[in-house]
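Chemist: All letters in the sequence shown, in the order written, are residues 10 to 178 by our numbering.
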Amino acid sequence: MSKKSRRGLTRRQFGKLAAASALAASGPAFLFPNKARAAGKTLKIIQWSHFVPGYDKWFDGVYTKEWGSKHDTEVIVDHVAIGEINARAAAEAAAKKGHDLFMFLSPPAAYEKQTIDHAEIYQEVQKKHGKVIPLGEKSTYNPKTKRYFAFSDSYVPDPGDYRKDLWEK
10 MSKKSRRGLT RRQFGKLAAA SALAASGPAF LFPNKARAAG KTLKIIQWSH
60 FVPGYDKWFD GVYTKEWGSK HDTEVIVDHV AIGEINARAA AEAAAKKGHD
110 LFMFLSPPAA YEKQTIDHAE IYQEVQKKHG KVIPLGEKST YNPKTKRYFA
160 FSDSYVPDPG DYRKDLWEK
């Protein structure tokens, strides 16, 4: 049986609440919380160092501080280079310890077994903001297990640009 915190939330419920709240920040990534490790009064987030330095300053110094104060939780945010986020996730998943939330640029289906089902997060976001675009939903839902393993908080198409004249004969 799961233990309840002072506010009546189970550890799993707290993890889901923390994940849903982090989504409101509209960070440029995908999230997956580490199997409800957000127990107690600390939430540890890891994300890539944003190419707009002001975003990290706002997220770390304003958004997470306000959210943490509102929820009586210390929020710790660590940043790594974008090329290191996947290796860091693999290491922490293998060790079964580390950060509670990972913010990725792409949906990490490989970690489905280490995540909570994000269905409740999708339902809550849909109530507040409307239906998620099909690409975001399909890239984080496994139809075989019928689980959402992540939440796509944004999607940016990055079409390739090329000089047409270099390809013409």
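Note that CB positions come from ideal geometry on N, CA and C, so glycine has one too.
Fair warning: this is a prediction, and the values are worked out from it, not measured in the lab.
(1) Can a CB atom of chain B be found closer than 8 Å to the CB of ASP69?
(2) For ILE130, which option in GLU121, LEU114, ASP109, TYR157 has the closest C-alpha, if you only look at C-alpha atoms?
(3) Let's test the definition: count the other Cβ atoms within 10 Å of the Cβ of THR73 and tell me whether it reaches 16, buried, or not, exposed.
(4) Give a yes or no on whether the C-beta atoms belonging to HIS108 and ASP81 are separated by under 8 Å.
(5) How about GLU83 and THR51: are their beta carbons less than 8 Å apart?
(6) Can you list, in chain order, the residues of its chain whose CB lies under 8 Å from that of ALA100, leaving out five sequence neighbours each side?
(7) Does the Cβ of TYR171 have 16 or more other Cβ atoms within 10 Å, making it buried, or fewer, making it exposed?
(8) Taking 8 Å as the limit between beta carbons, can you name the residues of its chain near LEU32, skipping five residues before and five after?
(9) Relative to the C-alpha of ILE55, which residue among ALA96, ASP69, MET112, ALA102 is closest?
Modeler: The relevant details are as follows:
(1) In the structure shown, chain B cannot be found, because there is only a single protein chain.
(2) In the sequence shown, the residue the question calls residue 130 occupies position 121. When each option's Cα is compared against that of ILE130, the closest is TYR157.
(3) For the purposes of this step, residue 73 is identified with residue 64 of the sequence shown, where counting begins at 1. Buried, by the Cβ-count rule.
(4) For the purposes of this step, residue 108 is identified with residue 99 of the sequence shown, where counting begins at 1. For the purposes of this step, residue 81 is identified with residue 72 of the sequence shown, where counting begins at 1. No, they are not a contact pair.
(5) Translated into the one-based positions of the sequence shown, residue 83 becomes position 74. Translated into the one-based positions of the sequence shown, residue 51 becomes position 42. Yes, they are a contact pair.
(6) The residue you call residue 100 lines up with position 91 of the sequence shown. Same-chain partners within the cutoff: GLY107.
(7) Sequence index remark: in the sequence shown, residue 171 carries index 162 (1-based). Classification of TYR171: exposed, given that the 10 Å Cβ count is below 16.
(8) Here the question's residue 32 lines up with position 23 in the sequence shown. Reliability fails at LEU32, whose pLDDT of 48 lies under 50, so the model's placement of it is uncertain and the value that follows must be treated cautiously. So the qualifying residues of the chain are LEU40, ILE130, VAL134, PHE160, ASP162.
(9) Numbered from 1 along the sequence shown, position 46 holds the residue referred to as residue 55. Looking at ALA96, ASP69, MET112, ALA102, the one whose alpha-carbon comes closest to that of ILE55 is MET112.
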